[in-house]
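Numbering (this note's numbering), first residue to last: 944 to 1367.
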């Protein structure tokens, strides 16, 4: 499809044109032109009336299939612009949802996208009904009054059904999560702006080949894989990428997916260090806002500056220093900032940082483990090594082990006939 893009920059905050063009390309649009204007939001058309007439002339000249605004439109603005231009008009969030629809593969992802679409359409349908009552007979997408009213009922009914289905998926995931805790896994959640290289990092950590492309929102489905931290069992989960000013209806629709970040032991925020500092800063602050909204900033947070192979060591150090200063000014609690290249499997700094955090996690406790049956000693020690760290072993009639172990593994050890005590 062919599209004309429209960007209205606020005098106080510019819209990122490059990112908007990347969204258009990711959705499969051929960009015929980008129209830009700097002004405060016009209540009726978002852009000014004069600029709207310029767009109308471009439509006659270029014959696009759609006009796509980089700015969110109110339902009233959407109707006014469509009526004036007589062409299909969508905004940034409808564009994002189109990309989501193309990328959704699992049943859960498809339900989440459908829910987000319905939540977006709900105010538009309500606005259509309001206009019908005022005498505007256009309806919603050409529907009459009765059809529009029925569609509103359908939206509400369908949203209720989807939420119930997503609750069932959430319950199933909770069972799996508890099982993971029982078998002693640490959960590391990858978070960050779309196209930062999270899927590539998951592949590097877990030695996997999950799809990773240089395009926005490649990952919509939650992907969890096993890996090891210094020989200890762990899980890494990739989630949907962030974007500036992610609206509440998308956060709500994808809450069950983003919940993996909330439930994680460690959050790994991935940034593209090869980008200009202004972009790194913008995307970092956007990501922090979403983590704050998810109430996930109370967890150990590692910032991974990815793609260090695409720039110089000096540039990486300069950006790392600038990021440390920004973090300090904003009062954001982080564990460390590390430099990596997921593509080149250069993860040494990250591995060291993960190891430092591991035994400071609340799920780890120092125990004295007593084994009376000598034949069980090798098996017990192997299990402890896979889920914790042995500090000292004293052999005798009763083997005495001092070790950090995960609380969730106490039952497994006691079932083996060993005794656990908190060391005095």
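We treat Cβ as the ideally placed atom computed from N, Cα and C, and that holds for glycine.
Helix, strand or coil at residue i according to DSSP, with G and I counted as helix
i            : result
residue 1198 : helix
residue 1095 : helix
residue 1013 : coil
residue 1029 : coil
residue 1269 : helix
residue 1282 : strand
residue 1216 : coil
residue 1411 : Not covered by the structure: residue 1411. The range shown for the chain is 944 to 1367.
residue 989  : strand
residue 1114 : helix
residue 958  : coil
residue 983  : coil
residue 976  : strand
residue 1109 : helix
residue 1208 : coil
residue 1335 : strand
residue 1229 : helix
residue 945  : strand
residue 1304 : coil
Residue i - containing alpha helix (DSSP H), residue span
i            : result
residue 1063 : 1050–1076
residue 1275 : No alpha helix (DSSP H) contains residue 1275, which DSSP labels as neither H nor E.
residue 997  : 992–1005
residue 1325 : 1320–1330
residue 1249 : From DSSP, residue 1249 is part of no alpha helix (DSSP H) but of the beta strand (DSSP E) over 1244–1249.
residue 1149 : 1141–1149
residue 1042 : 1035–1046
residue 1186 : It is not in any alpha helix (DSSP H) - residue 1186 carries neither H nor E in the DSSP assignment.
residue 1363 : That residue, residue 1363, is in no alpha helix (DSSP H); its beta strand (DSSP E) goes 1362–1364.
residue 1296 : 1291–1301
Exposure of residue i, with buried meaning 16 or more beta-carbon neighbours within 10 Å
i            : result
residue 1250 : buried
residue 1218 : buried
residue 1338 : exposed
residue 1130 : buried
residue 951  : buried
residue 1243 : buried
residue 1202 : buried
residue 1196 : buried
residue 1020 : buried
residue 1141 : buried
residue 1138 : buried
residue 1118 : exposed
residue 971  : exposed
residue 1357 : exposed
residue 1115 : exposed
First through last residue of the beta strand (DSSP E) which encompasses residue i
i            : result
residue 1313 : 1307–1314
residue 1240 : Note, residue 1240: premise wrong, no beta strand (DSSP E); not H, not E.
residue 1357 : Not the beta strand (DSSP E): residue 1357 falls in the alpha helix (DSSP H), residues 1353–1358.
residue 1170 : 1166–1172
residue 1345 : 1342–1349
Beta-carbon proximity list for residue i, same chain, < 8 Å, skipping 5 on both sides
i            : result
residue 1298 : 1172 and 1173
residue 967  : 946, 948, 974, 1011 and 1038
residue 1069 : 1018 and 1095
residue 1225 : 959 and 1187
Contacting residues, own chain, Cβ-Cβ under 6 Å from residue i (five flanking each side not counted)
i            : result
residue 962  : none
residue 1336 : 1344
residue 958  : 950, 952 and 1013
residue 1315 : 1341
Cβ-based neighbour list, residue i, same chain, cut-off 7 Å, excluding 5 preceding and 5 following
i            : result
residue 1236 : 1194
residue 1230 : 1134, 1135, 1136, 1185 and 1212
residue 1350 : 1306 and 1308
residue 1040 : 1056, 1059, 1060 and 1063
residue 1278 : 1243, 1244, 1245, 1296 and 1300
*Check whether the region 1319–1326 touches the region 1286–1294, counting contact only when three or more Cβ pairs, one atom from each stretch, lie closer than 8 Å.*
no
*Per the contact definition of three or more C-beta pairs closer than 8 Å, is the region 1062–1074 in contact with the region 977–996?*
no
*Sufficient close CB pairs (3 or more, under 8 Å) joining the region 1262–1281 to the region 1304–1322*: no
*Would you check if there are 3 or more beta carbon pairs closer than 8 Å linking the region 1204–1220 to the region 970–984?*
no
*contact_flag[the region 1011–1031, the region 1039–1050] where n(CB pairs < 8 Å) is 3 or more*: no
*Just checking, does the region 1091–1100 make contact with the region 1047–1054 on the three C-beta pairs under 8 Å criterion?*
In this structure the region 1091–1100 does not lie against the region 1047–1054, because fewer than three pairs of beta carbons, one per stretch, are closer than 8 Å.
*asked:* Using 8 Å as the cut-off, can you tell me whether the region 1138–1154 makes contact with the region 1107–1127, which would need three or more C-beta pairs spanning the two stretches below that distance?
replied: no
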